[in-house]
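Report on the structure given below.
Numbering (the numbering used here), first residue to last: 465 to 595.
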């Protein structure tokens with residue numbers, strides 16, 4: 465419900481701007497597979513599966529829909545996961561990534577993001593220790 469409250473509330477103006485592009489992206493087979501895997505995952509791994517979904521989808525969303533699309537989808541998934549697991553932190557700006565590709569295709573960036581997620585999460589936890 466939190467996701468819908470966001471899309472119809474504070475995120476509505478952004479949703480209106482990105483909805484057509486996001487709809488087109490979600491028809492791609494690669495993205496449908498990622499969404500399907502996310503949908504089948506158990507609530508116990510909601511944080512991990514949310515991060516995996518974002519790693520899979522954000523590179524192509526960024527390429528086709530821009531940063532506004534990335535921010536909307538990230539915020540949308542963040543609303544969902546924080547209901548299931550309030551300790552989960554998935555919001556990570558592109559510039560905050562420890563590991564980034566250079567001059568890569570969307571698929572290569574997705575692979576980098578997927579493989580780098582555990583390292584970035586560990587880095588984030590270490591940073592929290594020193595706050």
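Ideal placement from N, C-alpha and C gives every residue a C-beta, glycine not left out.
Exposed or buried, residue i, counting other C-beta atoms within 10 Å across all chains shown (16 or more means buried)?
i: residue 550; result: exposed
i: residue 523; result: buried
i: residue 544; result: buried
i: residue 533; result: buried
i: residue 557; result: Note that residue 557 scores 43 on pLDDT, short of 50, meaning its location in the model is unreliable and no value can be drawn from it.
i: residue 560; result: Its pLDDT being 47, under 50, residue 560 is placed unreliably by the model, and the measurement read from it follows with that caveat. Under this definition residue 560 is an exposed residue.
i: residue 573; result: buried
Taking the alpha carbon of residue i as the point to measure from, which residue in the options has its own alpha carbon closest?
i: residue 512; options: 571, 469, 548 and 481; result: 548
i: residue 467; options: 546, 492 and 552; result: 546
i: residue 516; options: 569, 491 and 495; result: 495
i: residue 474; options: 552, 509, 535 and 529; result: 535
Assuming contact is defined by CB atoms lying nearer than 8 Å, are residue i and residue j in contact in what I supplied?
i: residue 514; j: residue 537; result: no
i: residue 541; j: residue 489; result: no
With a floor of 4 residues, list each alpha helix (DSSP H) that falls wholly inside the segment 465–489, ordered by position along the chain.
466–472 and 476–489
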